[in-house]
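Engineer: Submitted below is the structure of interest, expressed as structure tokens.
In full-length UniProt numbering, the protein residues as written are 1 to 72.
Listed below in structure tokens is the structure:
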């Protein structure tokens, strides 16, 4: 359940980040990274850290399930 929430959060943040960087011409949204470089750099860093935490959570889940199956 927690893994699904983390994946959903990372995916939603990535979708908004892509729209912020490239814009969406069909909807009339202009790219903002041309004007706010620092904001986009921080957003990119936070997305990278979010995906790293997703991988670490997955590894922790696998390790926990292995330890749980060994003790039973």
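In this text, a Cβ means the ideal position worked out from N, Cα and C, and glycines have one as well.
Excluding five sequence neighbours on each side, which residues of the same chain lie with their C-beta closer than 6 Å to the C-beta of residue 43?
Structural biologist: Closer than 6 Å at the Cβ level, and outside the excluded window around residue 43, lie 17.
Engineer: Inspect the beta-carbon positions of residue 40 and residue 20 and report whether they are closer than 8 Å.
Structural biologist: In contact: residue 40 and residue 20 (Cβ atoms closer than 8 Å).
Engineer: Sorted by chain position, which residues of the same chain lie with C-beta nearer than 8 Å to residue 61's C-beta, five sequence neighbours on each side aside?
Structural biologist: Taken in chain order, the residues that qualify are 3.
Engineer: Where do the ends of the alpha helix (DSSP H) carrying residue 16 lie?
Structural biologist: Segment 2-22, the alpha helix (DSSP H) holding residue 16.
Engineer: Return the chain-ordered list of same chain residues with a C-beta closer than 8 Å to the C-beta of residue 53, the five sequence neighbours on each side being excluded.
Structural biologist: Result list for residue 53: 6, in chain order.
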